[in-house]
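*Asks:* After the structure tokens below, expect a handful of questions from me.
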Amino acid sequence: MAIVFRQETFRDDFTYRNSPGNIRRFPFPFDRDEYMYSVNMEPHVRGQAGTVYESLIDVDEHYVAEMQDRALVLKEDPLRYQALPHMMAAQWDTLELLMEEQAAGYPEHFTLIRNGDRWRWINRPLGIDDTFTFGDRSTLPYDPFEYITRQAQGDFCIVDQRDGNLWMDAGMVTTQADWSLDFDIGMNFMEWHGPVPLAHQIGVFDRALKFLLKLQLGKPTRRFNWTMTINPRLDTSPENYHKWGPDRTTVTPDNVGEKVHLRVELQSLWRLPRSNAILFVIRCYLISMNELVTVPKWARRLHRVLKTLPPELVDYKGLTRYRDNTIAWLSKHDDGAPTSPGIFPD
Amino acid sequence: MLVEGIKSRPVYGGFAIDPFARRHIFALEGEGALALLDQKPALTATMLNRSEVLYVAAGPKGLDHDLALAALKPDRFWQGPTIETLLFRLRGSLSAATMSTRLYISGREGFIGQCMQVATDMGMDFSSIPTEHRGSLARRVQCVHCKGITDDVRTSPFKCSHCGLNLLVRDHYSRRLGAFQGVNVDAEEPGTAPQAEELFA
Chain F
1 MAIVFRQETF RDDFTYRNSP GNIRRFPFPF DRDEYMYSVN MEPHVRGQAG
51 TVYESLIDVD EHYVAEMQDR ALVLKEDPLR YQALPHMMAA QWDTLELLME
101 EQAAGYPEHF TLIRNGDRWR WINRPLGIDD TFTFGDRSTL PYDPFEYITR
151 QAQGDFCIVD QRDGNLWMDA GMVTTQADWS LDFDIGMNFM EWHGPVPLAH
201 QIGVFDRALK FLLKLQLGKP TRRFNWTMTI NPRLDTSPEN YHKWGPDRTT
251 VTPDNVGEKV HLRVELQSLW RLPRSNAILF VIRCYLISMN ELVTVPKWAR
301 RLHRVLKTLP PELVDYKGLT RYRDNTIAWL SKHDDGAPTS PGIFPD
Chain C
347 MLVEGIKSRP VYGGFAIDPF ARRHIFALEG EGALALLDQK PALTATMLNR
397 SEVLYVAAGP KGLDHDLALA ALKPDRFWQG PTIETLLFRL RGSLSAATMS
447 TRLYISGREG FIGQCMQVAT DMGMDFSSIP TEHRGSLARR VQCVHCKGIT
497 DDVRTSPFKC SHCGLNLLVR DHYSRRLGAF QGVNVDAEEP GTAPQAEELF
547 A
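For the record, the sequence lines run as chains F and C. Reminder that position 11 of the first sequence reads as 11 in the working numbering, one-by-one numbering, no gaps. Numbers in the working numbering are just positions in the second sequence, counted from 1, shifted up by 346.
So, in structure tokens, the structure goes:
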């Protein structure tokens, strides 16, 4: 069934909303009533219809609006897209992967026709119909990586593998939770995770790196990460922190429901065939507290997770100013009943 | 409070003269001269005949390190007035360098970072370049908002020398930029920046 794409904004008047059907398929990240960092990776395989696992590259009702927001960010700050010169093979790998997955998952919206190296790409929601030569940069209006990630939801990093490490050598990053591609590009796995508290000490990054270095072609893997954002703003970059930071002071006991959003990243990692690099997809989903509490299990659980969150994580995730108001608001939706295991609604 | 153990900060492992190098290039700033002078037993006539020493004093205090370096009588000794002129000279030396050339860098962190940028731009692998931190702990900081770099930052927070925002110096270092990250400290409530503390004296 064709998706009905919403007209909405992630800035200024913030008209972003989830339809009731989209709330039910929201990737709620907590499978129990508390949270701590772990190497929470699992195979990225297709799941049930009506979940975000229905296709491996998920397209939803926010697709068109998100692509418009990305274009606005890039217009203001072109450095949100960068690729080091040795990443061209990985760029073409990524273009191929995203075109194939989107066309396979949503044939009514996307079509890829290959005739040797001559490819025709039709993207109906964005009104694009381009024919180009695979491997020839001059036949596309942008770098292949920029071209396709202007047409795919989520942030994208390509990490190169060498010297027993992973190197952040290309990225399209416009919907990030407070990290800077321009600052981190060229760093290795331990370096770009440098500022994360607690996780280094408990060995999470050592184990995750070891795991990822062995990632195999055709066997992508996934994990969740999460934070909270005031207003449904996609561009919470450090570059613009002085513009969105003041939002955090606007939360009152009465407006938690519409202001406070759970921000979930569904991260998937894919080995690329020609370059042996890894594509790191960081797909961001936003849901307001009003929308979230329409699923009673999620309301109870988020209340408990926030109450027991370690102080270092409260600080690192920037929740300090509005956590208490949010817990108090959510407590009205938590009757203390036990919650069922797993992430899905009852 | 600043935390210890900055994962993204390079490790400055110290100098050890490479006995197999056919050419040694030393980029030294201020107290960094001592990193070379302290290698005394390894500074043989053969080794010094293969050495080029580039030096810039740090600040106005003349500690006569230039005289001590010149007294080593390396194949080439060059002293510049500023870091910028040294970087220009270093680029020239490296562009004429051949295989088996070893580069060594010592001085304040911002100086090491800038020399490292020149070297990696020319295709050298950062892990093949011995570095030694000498001198003050002052930091070179990039403002994440306007991207302007402020040198010799001794306090946190400090005022960005380009856009004027009050910046907290994050313990996060980019080798590509040769700088720490500065993030607006009172973004959420402008005007509430804490007192500057001298942390990098």
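By construction, the Cβ of each residue, glycine as well, lies at the ideal position given by its N, Cα and C atoms.
1. From the beta carbon of Y519 (chain C), is the nearest beta carbon of chain F less than 9 Å away?
2. What residue from F:G194, F:R17, F:D247 and F:R32 has the CA that sits closest to F26 (chain F)'s CA?
3. Taking D160 (chain F) as part of the beta strand (DSSP E), name the residues at either end of that continuous run.
4. Which word fits Q91 (chain F), buried or exposed, when buried means at least 16 other C-beta atoms lie within 10 angstroms of its C-beta?
5. Is it the case that the Cβ atoms of I343 (chain F) and F30 (chain F) are separated by a distance below 9 Å?
6. CA-CA distance, L74 (chain F) and T174 (chain F)?
7. What number of angstroms, rounded off, separates the C-alpha of E101 (chain F) from the C-alpha of A2 (chain F)?
8. Got a sec: is the Cβ-Cβ distance from D315 (chain F) to anything in chain C below 9 Å?
9. In chain order, what residues of the same chain have a beta carbon less than 8 Å from the beta carbon of H193 (chain F), not counting five sequence neighbours either side?
10. So for V305 (chain F), helix, strand or coil by DSSP?
11. What residues from chain C crowd round Y241 (chain F), counting only those whose CB sits closer than 8 Å?
12. Start and end of the beta strand (DSSP E) containing R274 (chain F)?
13. From P220 (chain F) to R46 (chain F), what distance separates their C-alpha atoms?
14. Apply the 10 Å Cβ neighbour rule to S138 (chain F) and answer buried if 16 or more other Cβ atoms are within range, or exposed otherwise.
15. Starting from P296 (chain F), find everything on chain C with Cβ-Cβ shorter than 9 Å and list it in chain order.
16. Work out the CA separation of P20 (chain F) and L330 (chain F) for me, nearest whole Å.
17. Using 9 Å as the limit for Cβ to Cβ distance, is P503 (chain C) near chain F?
18. Of all the options F:L279, F:V295 and F:L262, which has the alpha carbon lying nearest to the alpha carbon of D318 (chain F)?
19. Could you tell me whether the region 530-541 of chain C touches the region 238-257 of chain F, using the rule of 3 or more Cβ pairs below 8 Å?
20. Quick one: residues in its chain with C-beta nearer than 7 Å to the C-beta of S275 (chain F), no 5 flanking neighbours on either side, listed in chain order?
21. Kindly indicate which residue of C:G524, C:L523 and C:L374 has the alpha-carbon position closest to the one of P427 (chain C).
22. Please tell me whether E350 (chain C) has its Cβ less than 9 Å away from any Cβ of chain F.
23. Output needed in chain order: residues of the region 181-196 of chain F with a Cβ under 8 Å from some Cβ in chain C.
24. Could you tell me which of F:D136, F:E239, F:L166 and F:D315 sits nearest to L209 (chain F), measuring between CA atoms?
25. Closer than 8 Å by beta-carbon distance: list the chain C residues that pair up with T249 (chain F), in chain order.
26. R120 (chain F): buried (16+ other C-beta within 10 angstroms of its C-beta) or exposed?
27. Does any residue of chain F have a CB that is nearer than 9 Å to the CB of L511 (chain C)?
28. Select from F:L126, F:F280, F:R223 and F:L212 the residue whose C-alpha is nearest the C-alpha of M172 (chain F).
29. Looking only at its chain, what residues have a beta carbon closer than 6 Å to the beta carbon of L84 (chain F), apart from the 5 residues adjacent to it on each side?
30. At a CB-CB cut-off below 7 Å, which residues of chain C make contact with P238 (chain F)?
31. Exposed or buried, what is N115 (chain F) when buried is set at 16 or more other beta-carbons lying within 10 Å of its beta-carbon?
32. At the level of alpha carbons, what is the spacing between L348 (chain C) and T477 (chain C)?
33. Just list the residues that DSSP pairs F423 (chain C) with in beta bridges.
34. Where does N231 (chain F) sit, in a helix, a strand or coil, going by DSSP?
35. So L523 (chain C) contacts chain F; which residues on that side make the cut at Cβ distance below 8 Å?
*Replies:* Working from what's here:
1. What you label residue 519 (chain C) is simply residue 173 of the second sequence in a count that begins at 1. Answer yes: the Cβ-Cβ gap between Y519 (chain C) and chain F drops below 9 Å somewhere.
2. Against the first sequence, residue 26 (chain F) aligns to sequence position 26. Selected option, being the one with the closest Cα: F:R17.
3. Translated into positions along the first sequence, residue 160 (chain F) becomes position 160. Its beta strand (DSSP E) spans residues D155 to R162.
4. Numbered from its first residue, the first sequence carries residue 91 (chain F) at position 91. By the neighbour-count rule (16 or more Cβ atoms within 10 Å), Q91 (chain F) is buried.
5. Taking the first sequence and counting its residues from 1, one reaches residue 343 (chain F) at position 343. Taking the first sequence and counting its residues from 1, one reaches residue 30 (chain F) at position 30. Their beta carbons are under 9 Å apart, which means I343 (chain F) touches F30 (chain F) by this criterion.
6. To locate residue 74 (chain F), count along the first sequence from 1; it is residue 74. To locate residue 174 (chain F), count along the first sequence from 1; it is residue 174. Taking the straight line joining both Cα atoms gives about 8 Å.
7. As a first step, residue 101 (chain F) is located in the first sequence; it is residue number 101 there, counting from the start. As a first step, residue 2 (chain F) is located in the first sequence; it is residue number 2 there, counting from the start. C-alpha separation (whole angstroms): 16 Å.
8. By one-based count along the first sequence, residue 315 (chain F) stands at place 315. No, its Cβ sits nowhere closer than 9 Å to a Cβ of chain C.
9. The residue given as residue 193 (chain F) occupies position 193 in the first sequence. Excluding residues within five positions, the ones whose Cβ falls inside 8 Å are A199, H200 and F205.
10. Residue numbering aside, residue 305 (chain F) sits at position 305 when the first sequence is read from its first letter. Correct three-state label for V305 (chain F): helix.
11. Indexing the first sequence from 1 puts residue 241 (chain F) at position 241. Those within 8 Å of Y241 (chain F) in chain C are V490, H491, V529, N530 and A533.
12. Numbered from its first residue, the first sequence carries residue 274 (chain F) at position 274. Where R274 (chain F) is concerned, there is no enclosing beta strand (DSSP E), given that its DSSP letter is neither H nor E.
13. What you label residue 220 (chain F) is simply residue 220 of the first sequence in a count that begins at 1. What you label residue 46 (chain F) is simply residue 46 of the first sequence in a count that begins at 1. Computed Cα separation, rounded: 11 Å.
14. The residue you call residue 138 (chain F) lines up with position 138 of the first sequence. Looking at its Cβ environment, which holds fewer than 16 other Cβ atoms inside 10 Å, S138 (chain F) is exposed.
15. For the purposes of this step, residue 296 (chain F) is identified with residue 296 of the first sequence, where counting begins at 1. Those within 9 Å of P296 (chain F) in chain C number zero; the least Cβ separation is about 33 Å.
16. For the purposes of this step, residue 330 (chain F) is taken as residue 330 along the first sequence, with counting starting at 1. For the purposes of this step, residue 20 (chain F) is taken as residue 20 along the first sequence, with counting starting at 1. Taking the straight line joining both Cα atoms gives about 20 Å.
17. As a first step, residue 503 (chain C) must be located in the second sequence, where it is residue number 157. It does not; no Cβ of chain F falls within 9 Å.
18. On the first sequence, position 318 is the one that residue 318 (chain F) refers to. Just to set this straight, residue 318 (chain F) is Gly in the shown sequence, not Asp. Closest option to G318 (chain F), Cα to Cα, is F:L262.
19. yes
20. Locating residue 275 (chain F) in the first sequence gives position 275, counting from the first residue. The residues are A89, A90 and D93.
21. On the second sequence, position 81 is the one that residue 427 (chain C) refers to. Of the candidates C:G524, C:L523 and C:L374, the one whose C-alpha sits nearest the C-alpha of P427 (chain C) is C:L374.
22. Counting from one through the second sequence, the residue named residue 350 (chain C) turns up at place 4. Bear in mind that the predicted position of E350 (chain C) carries a pLDDT of just 49, short of 50, making it unreliable; the figure below should be weighed with that in mind. No, no contact with chain F.
23. D182, F183, D184, I185, G186, M187, M190, E191, W192, H193, G194 and P195
24. Residue numbering aside, residue 209 (chain F) sits at position 209 when the first sequence is read from its first letter. When each option's Cα is compared against that of L209 (chain F), the closest is F:L166.
25. What you label residue 249 (chain F) is simply residue 249 of the first sequence in a count that begins at 1. Near T249 (chain F) (Cβ distances below 8 Å), the residues of chain C are E534 and E535.
26. Here residue 120 (chain F) refers to the residue found at position 120 of the first sequence. With fewer than 16 other Cβ atoms within 10 Å, it is exposed.
27. In the second sequence, residue 511 (chain C) corresponds to position 165, counting from 1. So, interface residue.
28. Here residue 172 (chain F) refers to the residue found at position 172 of the first sequence. M172 (chain F) has its Cα closest to that of F:F280, out of F:L126, F:F280, F:R223 and F:L212.
29. Your numbering for residue 84 (chain F) matches position 84 in the first sequence. So the list reads D169, once near-sequence residues are dropped.
30. Numbered from its first residue, the first sequence carries residue 238 (chain F) at position 238. Within chain C, the residues near P238 (chain F) are V490 and V529.
31. The count along the first sequence starts at 1 and reaches residue 115 (chain F) at position 115. Exposed, because fewer than 16 other Cβ atoms sit within 10 Å of the Cβ of N115 (chain F).
32. As a first step, residue 348 (chain C) is located in the second sequence; it is residue number 2 there, counting from the start. As a first step, residue 477 (chain C) is located in the second sequence; it is residue number 131 there, counting from the start. For L348 (chain C), the pLDDT reaches just 31, beneath the cut-off of 50, and the residue's location in the model is therefore unreliable, although a value from the coordinates is still provided. Computed Cα separation, rounded: 24 Å.
33. To locate residue 423 (chain C), count along the second sequence from 1; it is residue 77. For F423 (chain C), which the question treats as bridged, DSSP gives the partners C:V399.
34. Counting from 1 along the first sequence, the entry for residue 231 (chain F) is found at position 231. Coil at N231 (chain F), not helix or strand.
35. Locating residue 523 (chain C) in the second sequence gives position 177, counting from the first residue. Here the neighbours are F183.
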